[in-house]
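Engineer: Supplied in structure tokens, the structure appears directly below.
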Amino acid sequence: MPELRITLEPADVRRSLGYGRRGSPSRAVATRLAALWPEALALLRPRGVWRLADRAQAQGAGMPRPAQTVALALCTIGAQLEVAARERAETDRALDALILDAVGSTAAEAAADALNQQLCAEAGRRRLHAAPRVSPGYGRWPVTSQPALLALLPARELGVALTPGLMMVPRKSVSFAVNFLKSAPRGRAAAGRCRRCGLPNCPYAEPGP
Amino acid sequence: MGQPEDILLELNKAVLAGDEAGARELAGRALGAGIAPLAAIDGGLVPGIGEAGRLWDEGEYFLPELVAAAQAMKAAMAVLQPALAVDGGRRGLGRVVIGTVEGDIHDIGKTLVGTLLAANGFEVFDEGADVPPSRFVARARHVDADLLCASALLTTTMSRQRDLVAAAREAGLRAKVCVGGAPVTQAWADAIGADGFADNAVAAVALARRLVGRDA
């Protein structure tokens, strides 16, 4: 399964732990974060897959308002990190568990970003605009659509399964879809500014230097 | 530093700083200095964890600092506990059975709530994740629990909290049922007949204290 290259910075994890611009970790927390960092990174196995689907297939997966062409995607950071976090939680090391969990959340988001970037590149090759990604369980896409979405993707090969409660296992996995649009809708650019595909005159694109 | 009041002050600071090793060492030093374990708890640990909670309320501390303080307190308690037992023991605030509901495997939030409850004087029995109502009920009956705390992290699993409330009532448990988790609201707690709802770990401690009549 295709590996994803991600780069994590401790600052990203600090944000995930709740520290914004107004706060920074105490010495005790910073020490644990630094001590756990190499182990946490070594436990990451970011992988992802995507495929194109047509409107009917995306509708079948419950996606609200799919375009004619949709990219469906699934990524995970693997199970090893969350196993380590659970072991810490079960042995009364809640701070370590919290930090590892935050590393996992940050890594899963980074993996989704990396996969998303591939989709943007594909959209750009097709002279189409990649809309912001949407996931089951958010907005108008019910989480109950998760089985139908994963059925369209090689989830098993990626090592991702669903529990009866429709949770993905490993938990640090992200499923999503991206509409490929002929023109990007105006007025939504600010939420998704990027420099991914190089498509000219795209309202999603960041202004040049 | 050798005076009892100095040791208690340092113990307080160690908890507040989340200094687990320091808290453990100071707890031993407190006993060595002849400080009664109960005095070490009430004069060193409790003010420390209380101050950590206050700083969290004021936005000075973040969740990791709070958890670090709770861990430091637990480390010190592990040293004091055997002496406390010899001394006649100490009545905790109450017994809590906690877990994530059946079908839900998220456990970090529940673990943090359990850690803070334990640091604040509750005896916590953590059943883990994916816990069916029958196991919650059996455990609560076995330990004569005061509280049952059930976490659910998805809209697809929160209905199991309703099942738990029904099972607890049907079993005639005296334990009050508290619910929490990302999609859970006070309105949901009211709708399923839960006794309480908290939307974060600190609020859960305050709720637990209130439900056992120890919110002073």
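Protein chains in written order, with this note's numbering: chain A, 1 to 209; chain B, 1001 to 1216. For every residue, glycine included, the Cβ atom is placed at its ideal position computed from N, Cα and C.
Inspect the beta-carbon positions of Val160/A and Leu74/A and report whether they are closer than 9 Å.
Structural biologist: Cβ distance < 9 Å, so Val160/A and Leu74/A count as in contact.
Engineer: Can the beta-carbon of Leu1093/B be found closer than 9 Å to that of Gly1121/B?
Structural biologist: Yes, they are a contact pair.
Engineer: On a Cα-Cα basis, can you pick out the residue from Leu1011/B, Asp1199/B and Ala1078/B that is closest to Lys1110/B?
Structural biologist: Selected option, being the one with the closest Cα: Asp1199/B.
Engineer: Just checking: is the beta-carbon of Leu1164/B within a distance shorter than 9 Å of some beta-carbon in chain A?
Structural biologist: False, the Cβ-Cβ gap to chain A never drops below 9 Å.
Engineer: Using a Cβ-Cβ cut-off of 6 Å (strictly less than) and excluding sequence neighbours within five positions of Leu112/A, which residues of its own chain qualify?
Structural biologist: Checking the sequence shown, residue 112/A turns out to be Ala, not Leu. Taken in chain order, the residues that qualify are Cys75 and Val174.
Engineer: Mind checking the stretch 1044–1069 of chain B against chain A and listing, in chain order, the residues whose C-beta falls within less than 7 Å of any C-beta there?
Structural biologist: Under the 7 Å Cβ criterion, the stretch 1044–1069 of chain B contributes Phe1062, Leu1063, Pro1064, Glu1065, Val1067 and Ala1068.
Engineer: Starting from Trp141/A, trace the beta strand (DSSP E) both ways and give me its first and last residue.
Structural biologist: No beta strand (DSSP E) contains Trp141/A, which DSSP labels as neither H nor E.
Engineer: How big is the Cα-Cα spacing for Pro209/A and Leu81/A?
Structural biologist: Note on Pro209/A: pLDDT 48, under 50, position unreliable in the model; no value is reported.
Engineer: For Trp1188/B and Pro1133/B, I'd like the C-alpha separation in whole angstroms.
Structural biologist: Using only the alpha carbons, I get a separation of about 18 Å.
Engineer: Could you tell me which residues DSSP puts in a beta bridge with Trp50/A?
Structural biologist: Answer by DSSP bridge pairing, in chain order: Ala73/A.
Engineer: Take Thr1115/B as the anchor and find which of Glu1058/B, Val1165/B and Gly1099/B has the nearest alpha-carbon.
Structural biologist: Per the Cα distances, Gly1099/B.
Engineer: Relative to the C-alpha of Arg22/A, which candidate in Ala1145/B, Gln1186/B and Glu1058/B has its C-alpha closest?
Structural biologist: The candidate whose alpha carbon is nearest that of Arg22/A is Glu1058/B.
Engineer: Quick one: using the 10 Å Cβ neighbour count with 16 as the cut-off for buried, is Thr91/A buried or exposed?
Structural biologist: Thr91/A should be labelled exposed.
Engineer: Out of Gly1053/B, Ile1041/B, Ala1182/B and Ile1105/B, which has the shortest C-alpha to C-alpha gap to Leu1080/B?
Structural biologist: The option with the nearest alpha carbon to Leu1080/B is Ile1041/B.
Engineer: Nearest by alpha-carbon distance to Ala1036/B: which of Met1077/B, Gly1022/B, Pro1064/B and Gly1180/B is it?
Structural biologist: If we check each option's Cα against that of Ala1036/B, Met1077/B comes out closest.
Engineer: Check whether the Cβ atoms of Leu149/A and Leu52/A sit closer than 9 Å, and answer yes or no.
Structural biologist: Going by C-beta atoms, Leu149/A is not nearer than 9 Å to Leu52/A.
Engineer: Using a 10 Å radius around the Cβ and a threshold of 16 neighbouring Cβ atoms, would you call Tyr1061/B buried or exposed?
Structural biologist: Burial call: buried.
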